[in-house]
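Peer 1: Got a structure for you, written out below as structure tokens; questions coming shortly.
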Amino acid sequence: MNREYMGGQHISRKIITMILAMILVVPVILPVMSAQAKSGAQWTIMVYLDGDNNLDYYGNMDVEEMMTIGSTENVNVIVLWDRYDDVANLYMVESGSLSIAKGFTLNGIETNMGDPDTLRNFVQYSMKHFRADNYALVLWDHGDDIRGCCWDDHPEDHLSHQEITSALSGFHIDILAFDACVEGMIEVAYEYVWADLDIDYLVATEGYVPNWGYPYEMILEDLTENPTMDAFDLSKCIVDNY
């Protein structure tokens, strides 16, 4: 997403595939319940939504769009959402509502989304409590090419690509997608290849992303209708819908 201000071991034995594209999308909070651990799905979609900056309004739009589809028996939609004027919570996105995930240690506090430990805790919790055959991780926020992404105003911090690769070490992730501007660069991809992570596909754009981001409703509609699609097909689905 367009930054309006400037802050301040095995990813390719399976060669990372860069899908360079532009991206679009749109999400208000309905009754919040407590989510139960869930397993047996085809996909778990993990959205690391850093709205603690001037994109807060658009983060809300995207969550609302996710809720038009929500999780199903075969697809878990999980969001760690930090807002500008509120605390962070980890939610399971249901059709028409959000459920707070039980036992996540960062729920209800002012969370630093620019801390790699926050990202690692999110991925670890999501994979443990929302098991699936395949995992996709979306990093949502401002992007700033080789400098990183996910600028958090409280405190003033962001994730460098070195911090992201460190946080994701040891996890198998089928798709890593940047809902953020100018991350589809060879220099960025090199950071992930060099780190030798266990990631199959990287989805990113070399250009700017509109503030409203990915079209989550369209992507999730396609995925829930065809949950057996593989990582390549879902990566292509993201690009085609964008």
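Numbered by our numbering, the letters in the sequence shown go through residues 375 to 616 in order. Where a beta carbon is used, it is the ideal one built from N, C-alpha and C, also for glycine. These numbers were taken from a predicted model, which means no experiment stands behind them.
1) Got a sec? Which residues, its chain only, sit under 7 Å from Val399 by beta carbon, not counting five neighbours each side?
2) Can you tell which of Glu561, Ile452, Asp527 has its C-alpha closest to the C-alpha of Phe504?
3) Any heavy atom of the ligand MN closer than 6 Å to the CB of Pro529?
4) Val421 and Val512 - do their beta-carbons sit closer together than 7 Å?
5) Quick check on DSSP: helix, strand or coil for Pro401?
6) If I measure Cβ to Cβ from Asp489 and keep anything under 7 Å in the same chain, skipping five residues before and after, which residues do I get?
7) Express the C-alpha separation of Asp548 and Asp572 in angstroms, rounding to a whole number.
8) Is the shortest distance between the beta-carbon of Asp515 and the beta-carbons of chain D less than 7 Å?
9) How is Glu530 classed by DSSP in three states: helix, strand or coil?
10) Just the C-alpha distance for Ile419 and Trp455, rounded to the nearest angstrom, thanks.
11) In the DSSP assignment, what residue or residues form a beta bridge with Ala569?
12) Let me know if Trp417 comes out buried or exposed under the rule of 16 or more other beta-carbons within 10 Å of its beta-carbon.
13) Taking all protein chains shown into account, decide if Asn600 is buried (16 or more other Cβ within 10 angstroms of its Cβ) or exposed.
14) How would you label Asp607, buried or exposed, when you count the other beta carbons within 10 angstroms and need 16 or more for buried?
15) Using CA coordinates, which residue listed in Glu595, Asp553, Glu447 is at the minimum distance from Tyr432?
16) Contact check, Val556 vs Gly517 under 8 Å by CB: the rounded distance?
Peer 2: Per the coordinate set shown:
1) Bear in mind that the predicted position of Val399 carries a pLDDT of just 27, short of 50, making it too unreliable to give a figure here.
2) Ile452
3) In the structure shown, the ligand MN is absent, as is every other ligand, since no ligand is present at all.
4) yes
5) In this predicted model, Pro401 has a pLDDT of only 26, less than 50, meaning its place in the structure is not dependable enough to derive any value.
6) Asp531
7) 8 Å
8) No chain D is part of this structure, which consists of one protein chain only.
9) coil
10) 14 Å
11) In the DSSP output, where bridge partners are listed per residue, Ala569 has none listed.
12) buried
13) exposed
14) exposed
15) Asp553
16) 6 Å
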